[in-house]
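Shown next, in structure tokens, is the structure this report addresses.
Protein chains in written order, with my numbering: chain A, 5 to 427; chain B, 17 to 327.
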């Protein structure tokens, strides 16, 4: 069994309002004690050298490649990238091949996570069979098998009727519906956000309002049904205003975003750079600023790495034909910390967005340093600088939009149930 | 993408003196072509490949003629447009072309940015002969040459570009070029066919032909593709012609000496009436074709000289 004393660290746990210099004791893979004065128990000691020790990160949205896309990424390779990024718990999207729309597949994903030894996989299940948007999946049985929430992944639930039924039905199972908020009829064929840049490049475009339009509809449906709606990778100020207002009215509405939406803007696609092609597309800088502001004011509940592993053949195509998406597990913490270094978000708020807040949305006991919890830990140096280099990141897929980016803040070690899995 | 030294991928970003120099050189090729002299050997021993992923008669022929008049070995490659994996074909083709030691590569592709992608992978100088709805730089150059020869200048002229601007690479290249050389540009079309925020490029947008054509020295019509009618962007061809098609009545809104242009091929009775298109005094459409060959000769000339310098 794993026993360990991590000394000389800044203990940071937003779930408990904890931020003190001290040590943390792991016994049997669980957090046995923590604080300023722990004495000297007879266990192996690791000197943290003043770095920050926080709960292992909880990433609430990831495409893993398995099943069906193993040539792009496998659970094992994604787990290596997650460990490098300090992530110990991750919610996996269901729009795979086959889609996760059967209880056996939900159980399989959980087991595949355990097999990595470094990553807890919390499976999402499909809202509709095959994520095709037509027939409702067996949401009750899927929930019973361990699905943490329901989503059709990168496909928006287009039908208002289907969304109404799903929100209504899942009230009985206390699970959220996670929506890709983009009106499909407005987005059809589009590859860039509508505006001057898309016009100059001659790219078919999607109006930013396609996001707010679906968000407005689904907030209204959540109000109608009493269901819980969660909007994934929100990218526009207008949608965030609607979500902020819905929260103020006490509706069960939550959302997350991903680092590209607060770190990059549409200009990243200049020169037809397909590695910056995303769905939803990168937006104008005013939207990027609005997303960062919503991180600071609490409107956004979580930051997800939202990785979409792609290989060179998916990306080295004319822009409109190239696949959308980027990797993000390895860079999640450091790109988030850029907001902290920029003075826009407090360190504690940033870590909360990566730990306890997503854990709460997913009903997971992870994301905390409280005594008795599994010793899933992330040890990181807030100041250490490094440069993102595509081709040299952990994991199979290397389609990072942050290639060449200099970042400040690096994971030194990651622990799963007290066992060091990275560093 | 701003690689004026080796490729011609777009007008956007080109400097006015560079454009003017190309037009001056093209002007000399007009005279040479009219003199009937042949046997220029500027491109002797050089290989020009016309790589067309979209059907084209006019542009391909024009480049072919330009290359042959300069003495190049010209090869036409028509690549079948399959709906899937076009991109794979594209980079595979790039590898093939490198193996063939192609010097000048003229590319037309249905996807915006495809020539720029090829330019990263091939050793040849790439000339964009039209990519998706992005740019068609030699068309804008030949349009500018045509206007300049008739009007003596571009500066201060009002050029109205009318019709399906949204899907037009010709319009985008012309906007960049005309603004760079000091023209004023009016865009006229139904709101569904005007690109988002296009006014930020420095043009004035109109939805009404009467207002948009007022004061115009040049009326440049764009081709309206038939599929736009089924896509719901305009209800019907006859409705489009009623409001945005150029006939003698609407042409009268422009300056009395206004000249008419069209990049071809024309949809007679959809965006332009035959009597206007065929007007021997006001229509420059045939002259545009002649200028096309001269401009492409100038482009091949300049790019091959630059390539030689870099050898």
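Note that the Cβ used here is the ideal one computed from N, Cα and C, for glycine as well.
{"Query": "Inter-residue Cα distance where the pair is residue 253 of chain B and residue 247 of chain B", "Result": "12 Å"}
{"Query": "Under the three-state DSSP convention, the category residue 45 of chain B falls into", "Result": "helix"}
{"Query": "Opening and closing residue of the beta strand (DSSP E) in which residue 35 of chain A lies", "Result": "34-39"}
{"Query": "Meets three-Cβ-pair contact criterion under 8 Å: the region 202-218 of chain B and the region 34-52 of chain B", "Result": "no"}
{"Query": "Positions along the region 316-331 of chain A whose CB lies within less than 8 Å of some CB in chain B", "Result": "317, 320, 321, 322, 323, 324, 325 and 326"}
{"Query": "Segments of 3+ residues assigned as beta strand (DSSP E) that fall wholly inside the region 198-265 of chain A", "Result": "233-235 and 257-261"}
{"Query": "Cα-Cα separation, residue 387 of chain A to residue 365 of chain A", "Result": "30 Å"}
{"Query": "Local Cβ density within 10 Å of residue 117 of chain B, reported as buried at 16 or more and exposed below that", "Result": "exposed"}
{"Query": "Beta-carbon proximity of residue 261 of chain A to residue 304 of chain A, cut-off 9 Å", "Result": "yes"}
{"Query": "With 16 other Cβ atoms within 10 Å as the buried cut-off, status of residue 33 of chain B", "Result": "exposed"}
{"Query": "Rounded distance between the beta-carbons of residue 102 of chain A and residue 127 of chain A, thought under 8 Å", "Result": "Actually they do not touch by this definition, with Cβ atoms about 13 Å apart."}
{"Query": "Alpha helix (DSSP H) runs contained entirely in the region 235-264 of chain B, provided each spans 4 or more residues", "Result": "243-246 and 253-260"}
{"Query": "contact_flag[the region 38-45 of chain A, the region 281-289 of chain A] where n(CB pairs < 8 Å) is 3 or more", "Result": "no"}
{"Query": "Residues near residue 188 of chain B by beta carbon distance below 6 Å, same chain, minus five either side", "Result": "151"}
{"Query": "Bounding residues of the alpha helix (DSSP H) (the contiguous stretch that carries residue 190 of chain B)", "Result": "185-196"}
{"Query": "Range covered by the alpha helix (DSSP H) that runs through residue 360 of chain A", "Result": "360-366"}
{"Query": "CB of residue 261 of chain B within 9 Å of CB of residue 288 of chain B, strictly", "Result": "yes"}
{"Query": "9 Å Cβ cutoff, residue 86 of chain A in contact with chain B", "Result": "no"}
{"Query": "Euclidean distance between Cα positions of residue 165 of chain B and residue 21 of chain B", "Result": "27 Å"}
{"Query": "Near-chain A residues of the region 31-43 of chain B - C-beta to any C-beta below 7 Å", "Result": "none"}
{"Query": "Nearest-angstrom Cβ-Cβ length linking residue 347 of chain B and residue 270 of chain B, presumed shorter than 8 Å", "Result": "Outside the shown range of chain B, which is 17 to 327, sits residue 347 of chain B, and nothing can be said about it."}
{"Query": "Residues that residue 63 of chain A bridges to, as DSSP identifies them", "Result": "A:94"}
{"Query": "Below-9 Å beta-carbon distance, residue 132 of chain B vs any chain A residue", "Result": "yes"}
{"Query": "Euclidean distance between Cα positions of residue 240 of chain A and residue 332 of chain A", "Result": "20 Å"}
{"Query": "Coarse secondary structure for residue 177 of chain A, derived from DSSP in three states", "Result": "helix"}
{"Query": "Proximity winner among B:308, B:224 and B:139, relative to residue 74 of chain B (alpha-carbon distances)", "Result": "B:308"}
{"Query": "Pick from A:207, A:152 and A:231 that is closest to residue 149 of chain B, judged by C-alpha positions", "Result": "A:207"}
{"Query": "Interface residues of chain A facing residue 151 of chain B [CB-CB closer than 8 Å]", "Result": "206"}
{"Query": "Neighbour flag for residue 3 of chain A against chain B, beta carbons, 9 Å", "Result": "The question about residue 3 of chain A has no answer, for chain A in this structure spans 5 to 427."}
{"Query": "Contacting positions in the region 136-168 of chain B - beta carbon closer than 8 Å to chain A", "Result": "147, 148, 149, 150 and 151"}
{"Query": "Per-residue contacts from residue 191 of chain A into chain B (C-beta, under 8 Å)", "Result": "The contacting residues do not exist; residue 191 of chain A stays about 14 Å from chain B at best."}
{"Query": "Those residues which DSSP pairs with residue 154 of chain A across a bridge", "Result": "A:129 and A:181"}
{"Query": "Segment limits, alpha helix (DSSP H) that includes residue 384 of chain A", "Result": "Segment 381-391 is the beta strand (DSSP E) holding residue 384 of chain A; no alpha helix (DSSP H) there."}
{"Query": "Cβ pair count under 8 Å reaching 3, the region 329-345 of chain A against the region 26-42 of chain A", "Result": "no"}
{"Query": "The alpha helix (DSSP H) enclosing residue 133 of chain B, as first and last residue numbers", "Result": "130-137"}
{"Query": "Interface residues of the region 197-217 of chain B facing chain A [CB-CB below 8 Å]", "Result": "211, 212, 213, 214, 216 and 217"}
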